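These notes are about the structure you will find just below.
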Amino acid sequence: MQKCQNLFFCLLICLTASLFSLERDALSEQDILQTKNIREPAVAGRFYPGTAVELRKQVKALLDEGRTEDVRSKPIAIISPHAGYQYSGSVAAYGYRTIVGYDYKRVIVIAPSHYSRYIGASILDVSYYKTPLGLVKLAQGICNNLINNPPMIGTLKNAHMREHSLETQLPFLQETIKDFELIPILVSKLNNETIDFLAEKIKPFVDEDTLIVVSSDFTHYGPAYDYVPKFKEGDVKENIKKLDQGAFERILAKDLSGFIRYKQATRITACGFMPIALLLKLLPSDAQGKLLQYDTSGNQTGNFENSVSYASIVFTRGEKRSSLLDETSGLSKPEQETLLKVARETLDTYVRERRLPDLESEKHKITQKLNEKRGVFVTLNKNGNLRGCIGHIIPRKPLILAVMDNTVNSSTNDVRFGQVNEDELEEIEIDISVLSAIKKIDTPENFIPGKHGIIIRKLGASAVFLPQVATEQGWNREDTLCHLCKKAGLPSFAWQEDDMEFFVFSAEVFHENRI
Numbered sequence: 000m001q002k003c004q005n006l007f008f009c010l011l012i013c014l015t016a017s018l019f020s021l022e023r024d025a026l027s028e029q030d031i032l033q034t035k036n037i038r039e040p041a042v043a044g045r046f047y048p049g050t051a052v053e054l055r056k057q058v059k060a061l062l063d064e065g066r067t068e069d070v071r072s073k074p075i076a077i078i079s080p081h082a083g084y085q086y087s088g089s090v091a092a093y094g095y096r097t098i099v100g101y102d103y104k105r106v107i108v109i110a111p112s113h114y115s116r117y118i119g120a121s122i123l124d125v126s127y128y129k130t131p132l133g134l135v136k137l138a139q140g141i142c143n144n145l146i147n148n149p150p151m152i153g154t155l156k157n158a159h160m161r162e163h164s165l166e167t168q169l170p171f172l173q174e175t176i177k178d179f180e181l182i183p184i185l186v187s188k189l190n191n192e193t194i195d196f197l198a199e200k201i202k203p204f205v206d207e208d209t210l211i212v213v214s215s216d217f218t219h220y221g222p223a224y225d226y227v228p229k230f231k232e233g234d235v236k237e238n239i240k241k242l243d244q245g246a247f248e249r250i251l252a253k254d255l256s257g258f259i260r261y262k263q264a265t266r267i268t269a270c271g272f273m274p275i276a277l278l279l280k281l282l283p284s285d286a287q288g289k290l291l292q293y294d295t296s297g298n299q300t301g302n303f304e305n306s307v308s309y310a311s312i313v314f315t316r317g318e319k320r321s322s323l324l325d326e327t328s329g330l331s332k333p334e335q336e337t338l339l340k341v342a343r344e345t346l347d348t349y350v351r352e353r354r355l356p357d358l359e360s361e362k363h364k365i366t367q368k369l370n371e372k373r374g375v376f377v378t379l380n381k382n383g384n385l386r387g388c389i390g391h392i393i394p395r396k397p398l399i400l401a402v403m404d405n406t407v408n409s410s411t412n413d414v415r416f417g418q419v420n421e422d423e424l425e426e427i428e429i430d431i432s433v434l435s436a437i438k439k440i441d442t443p444e445n446f447i448p449g450k451h452g453i454i455i456r457k458l459g460a461s462a463v464f465l466p467q468v469a470t471e472q473g474w475n476r477e478d479t480l481c482h483l484c485k486k487a488g489l490p491s492f493a494w495q496e497d498d499m500e501f502f503v504f505s506a507e508v509f510h511e512n513r514i
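Okay, so the sequence shown: first residue is 0 according to numbering that gives the first Met the number 0, each after it adds one.
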């Protein structure tokens, strides 16, 4: 009987201990939900759906609706917009699709402060950020380490409470990476000193398991944003695009000083200018950038009185090459022939019928490489003389579509020439130049005529020559730079001035009837 009583008491003690343990665990989860250590969502139900079901449905739809870009290696950073999902969500999805399938232990989100002005960076002293999809845990040790660097890095609670720029990135991260720890950084006013300081403190925590997300919209145009620059010519839509492209070129070239000078020259209203500047300081030397998608709210609504620009940009570690400028498209002879065939069909059809030809995958043998976004120029020559040449340095569209666009533009929109007419078609030959990435050079002596294409920029003026121009004209380096300055509307000697910027690229050039 005594043994039974002892057994009963042992079981009772064990059961009580188990219940106490369960209650303790349950309370700890409840404590998390009730604690003040959670940053509650500020824009759920406004910038994105307020319920888990609807939010997950929308994010999944955005991730599923567009194409996945081939970025060839694990992304190390993306630049993503932060407007309401109905405006910028489809653009943001391009960047987030590139990280699907990769594992990251931590994500550093660097976002601009819209509601507070301060010098440096602020990290909210909480344990979790919350969205309708659940809690996102902070990398507490790293955050504490960074916060412990006043006055450049601290905690300004009011800066975070209403801020949407950081919060809007989280649902995309929750759906693409899922299991990660967050380092949320809001930046406000930065100068060269603070950029250097922040980069020095953040870099030790950036490794192969870390993704950097920079939150930024680009040009905010119109009276609502107190930014209505006087454009020299062209419509507002095209001039906004040119403004943004100037920023993209400097970002993709990882040209921090040029990016800062561009801001000073144009006053471009990219709200994430400071976070992007910090990113350019953080990127490794071999990082390569790619513009994935671009759009504007004006384009979506058809009204450019007030417009905000959105872009998705990804950075990956570069492949090991002897030089970035050795990188060309690597197109096969059949792929070159396909592009030339499409360009010829486009030229003939558009000049005769003012429409584009139909593209058929089987007929035109459209490969994966022809669907990659590349910078490309289309040149029209008539009896050995230039008849039109227009292209894009920054990749905008799949290569085959960009060739069609630039064929039309070269035949109708090159202001140096009249439009091509039907009687000229038989006399015109087509050249296509597929470009590498662009790279900034410190001195014009690094420009090799005949090998490199060259871009010059001085404040708002710029011009470009393709690699073959110097060879065709018989120019040396100085001749080329003098003519390029004249093309940009500058004095011929302007290339010798200290504030001139130089960028080079290579090109794979192929010609109609001469392959």
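Note that CB positions come from ideal geometry on N, CA and C, so glycine has one too.
From a predicted model like this one, the values you see are computed outputs, not experimental measurements.
Should PHE314 be labelled buried (16 or more other beta-carbon atoms within 10 Å of its own) or exposed? buried
Close-in-space but distant-in-sequence residues of the same chain around ILE275 (CB under 8 angstroms, 5 per side omitted): ILE78, VAL213, SER215, ILE250, PHE258 and ALA269, listed in sequence order.
Can you give me the C-alpha to C-alpha distance between PRO443 and ILE437, rounded to a whole angstrom? 15 angstroms
Let me know if ALA60 comes out buried or exposed under the rule of 16 or more other beta-carbons within 10 Å of its beta-carbon. The residue is exposed, with fewer than 16 neighbouring Cβ atoms inside 10 Å.
As assigned by DSSP and simplified to three states, the class of GLU507: strand
Option nearest VAL508 by Cα separation, candidates LEU339, ALA82, PHE46 and LEU291: LEU339
The region 271-290 touching the region 41-51, judged by at least three CB pairs closer than 8 angstroms: no
Please classify GLU352: is it buried, with 16 or more other beta-carbons within 10 angstroms of its beta-carbon, or exposed? exposed
Neighbourhood of LYS236 by C-beta, 6 angstroms cutoff - its chain only, sequence neighbours within 5 removed: PHE303
Please indicate yes or no: does the CB of ALA43 lie closer than 6 angstroms to some heavy atom of the ligand FAD? For the structure depicted, the ligand FAD is absent and the ligand set is empty, with no information on it obtainable.
What's the call for SER321, buried or exposed, on a 16-neighbour Cβ count within 10 Å? Any answer about SER321 is weak, because its pLDDT of 37 lies below 50 and its placement is not dependable; what the coordinates show is given next. SER321 comes out exposed.
When the Cα of LEU355 is compared with those of SER410, ILE393 and GLU496, which residue comes out closest? SER410
Return the CA-CA distance between GLU334 and ILE365, expressed in angstroms with no decimal places. 8 angstroms
Which residues share a DSSP beta bridge with TYR349? Under DSSP, TYR349 takes part in no beta bridge, so it has no partner.
Alpha-carbon to alpha-carbon, PRO170 and GLU39: Going from the Cα of GLU39 to the Cα of PRO170 covers about 13 angstroms.
Taking the CB atoms as reference points, tell me whether PHE217 and ASP178 lie closer together than 7 angstroms. For PHE217 and ASP178, no; Cβs fall outside 7 angstroms.
Local Cβ density within 10 Å of GLY390, reported as buried at 16 or more and exposed below that: buried
I'd like to confirm the pairing. Which residues does DSSP put opposite ALA136 in its beta bridges? Rather than Ala, the amino acid found at residue 136 in this sequence is Lys. Per the DSSP secondary-structure output, LYS136 pairs in a beta bridge with TYR127.
Is the beta carbon of VAL106 sitting closer than 7 angstroms to the one on PRO183? no
Since LEU346 and ARG373 are thought to touch, with beta carbons under 8 angstroms apart, how far apart are those beta carbons, to the nearest angstrom? About 20 angstroms; that fails the 8 angstroms criterion.
Short check: CB of ALA401 to CB of VAL419, under 7 angstroms? no
Helix, strand or coil for GLN85, going by three-state DSSP, please let me know. helix
If distances are taken between C-alpha atoms only, which option among PRO203, LYS280, THR175 and TRP494 comes closest to TYR101? THR175
Inspect the beta-carbon positions of GLY297 and ILE312 and report whether they are closer than 7 angstroms. Taking 7 angstroms as the cut-off, the beta carbon of GLY297 is found no closer than this to the beta carbon of ILE312.
Where does TYR103 fall in DSSP's three states? Reduced to three states, the DSSP call for TYR103 is coil.
Could you give the residue range of the alpha helix (DSSP H) that holds PHE171? 169-175
Helix, strand or coil: which one does DSSP assign to LYS231? coil
What separation, rounded to the nearest whole angstrom, lies between the Cα atoms of CYS481 and LEU465? Rounded to the nearest whole angstrom, the CA to CA distance from CYS481 to LEU465 is 15 angstroms.
Is the beta carbon of PRO80 less than 7 angstroms from the beta carbon of ILE98? no
In whole angstroms, what is the alpha-carbon distance linking LEU134 and LEU181? 11 angstroms
Which residues in the same chain have their Cβ closer than 7 angstroms to the Cβ of ASP413, if we skip the five residues on either side of it in sequence? GLY387, CYS388 and ILE389
SER461 in three-state terms, based on DSSP: In the three-state reduction of the DSSP assignment, SER461 falls in the strand class.
Give the straight-line distance between the Cα atoms of ARG116 and LEU155, rounded to the nearest whole angstrom. 10 angstroms
Does the region 143-163 come close enough to the region 84-94 that 3 or more CB-CB pairs lie under 8 angstroms? The region 84-94 makes no contact with the region 143-163: fewer than 3 CB pairs, one atom from each, lie closer than 8 angstroms.
Using the rule of at least 16 other Cβ atoms within 10 Å of the residue's Cβ for burial, across every protein chain shown, is PHE501 buried or exposed? buried
Here's the rule: buried if 16 or more other CB atoms are within 10 angstroms of the residue's CB, otherwise exposed. What is ALA223? exposed
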